[in-house]
Amino acid sequence: MSWNASPDAPDAAPAPERATSAGDQDEELQQFALALIASRQNVSPKRLGEPGPTPAQLEAMFRAAAAAPDHGELVPWRFVIVPREKRSLLAEVFAGALIDRDAAATAEQVAAARAKAYRAPLLMLAVARLGPADPDIAPAERLVSLGAAIQNLLLAAHAAGLGTGLTSGQALRSPRMHALFGLAAGEEPVCFVNVGTVTKRKPARLRPDPKDFVREL
Ligand SMILES: Cc1cc2nc3c(=O)[nH]c(=O)nc-3n(C[C@H](O)[C@H](O)[C@H](O)COP(=O)(O)O)c2cc1C
1 MSWNASPDAP DAAPAPERAT SAGDQDEELQ QFALALIASR QNVSPKRLGE
51 PGPTPAQLEA MFRAAAAAPD HGELVPWRFV IVPREKRSLL AEVFAGALID
101 RDAAATAEQV AAARAKAYRA PLLMLAVARL GPADPDIAPA ERLVSLGAAI
151 QNLLLAAHAA GLGTGLTSGQ ALRSPRMHAL FGLAAGEEPV CFVNVGTVTK
201 RKPARLRPDP KDFVREL
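Taking my numbering, the leading residue of the sequence shown gets 1, the next gets one more, and so forth.
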């Protein structure tokens, strides 16, 4: 497994030393996993160029997603890849959704909306399956499972040396988007997952401090 830590990332760990014993291997694995998690960062799709993931990398990413916690084992989510030859369909949805919201949108704004469909080599929609209500697993639990699946997928891509970014926005709520992706009742589009090779990296952000989000009862 290769891993390209950001040179800018304050949390980035150096490549692990070769393990010499089982105990060292456990320690190495732990350090590697933590460094991988800490060094993932959101990359704007504008900064994700070719190449995208190979078929083997893509398979590993989806297998990582499949390892997400999943109460009731419902697989309450799915991913829909938008291949290059179908990006124009998504571009028209972005443009149409903008015009629906703002009939006075300028030609530049509409062009910018369209352009969002053509950025990262791999672009896919993450869809949550929040219904049907039976079995009785709450929508929030199903969303947590999707979040974990996305995070696993992002980390698998990052482990392969690829960059990743999530994008959302008002167009996701457009009926045009629901129609393009053939979303069923109970399905919600949550975000786009963009994957590619990082062309320019920004400095890593400061992460929240556990003391600010952990309390004892
Ligand atoms: C569901 C979801 C949707 C997101 N949508 C956007 C987006 O539309 N635009 C954007 O710049 N970042 C988006 N992000 C990424 C966050 O902005 C990013 O994760 C956050 O700034 C923290 O940075 P980091 O991921 O590098 O730690 C989204 C993240 C999530 C979880």
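Ideal placement from N, C-alpha and C gives every residue a C-beta, glycine not left out. Values in this document were obtained by computation on a predicted structure and should not be read as measured data.
- The beta carbon of R87 is closer than 8 Å to those of A117, Y118 and L123 in its chain, skipping five residues each way along the sequence.
- The secondary-structure analysis by DSSP pairs E188 across a beta bridge with A128.
- With distances taken between CA atoms, L48 lies nearest to T197 out of T197, A204 and D212.
- Per DSSP, reduced to three states, the secondary structure at R78 is strand.
- CA-to-CA, the gap between L130 and G23 works out to about 43 Å.
- The stretch 80–126 is shown to contain whole alpha helix (DSSP H) runs of 4 or more residues at 87–101 and 107–115, in chain order.
- Residue pairing by DSSP puts V195 in a beta bridge opposite L122 and T164.
- Within its own chain, the residues whose Cβ lies closer than 7 Å to the Cβ of D100, once the five positions on either side in sequence are excluded, are S174, listed in chain order.
- Distances from the alpha-carbon of A64 to those of A38, D102, A160 and Q41 put A160 closest.
- Inter-segment contact for the stretch 38–58 and the stretch 187–197 is present: three or more beta-carbon pairs are separated by less than 8 Å.
- By alpha-carbon distance to A35, the top candidate from L217, L155 and L89 is L155.
- Our two residues, F213 and R207, have alpha carbons roughly 11 Å apart in a direct line.
- Counting only beta-carbon distances shorter than 6 Å to the non-hydrogen atoms of ligand 1, the qualifying residues in chain order are Q41, N42, L166, T167, S168, G169, V190, C191 and R205.
- In the DSSP assignment, V43 falls outside any alpha helix (DSSP H) and carries neither an H nor an E.
- The DSSP-derived three-state label of K200 is coil.
- Annotation for R176: the continuous alpha helix (DSSP H) segment containing it runs P175 to L180.
- Here the stretch 143–150 makes contact with the stretch 68–79; the two share three or more CB pairs at distances below 8 Å.
- At least 8 Å separates the beta-carbon of A113 from that of I150.
- A direct Cα-Cα distance of roughly 46 Å separates A185 from E28.
- In the structure shown, P139 adopts helical secondary structure according to DSSP, grouped into three states.
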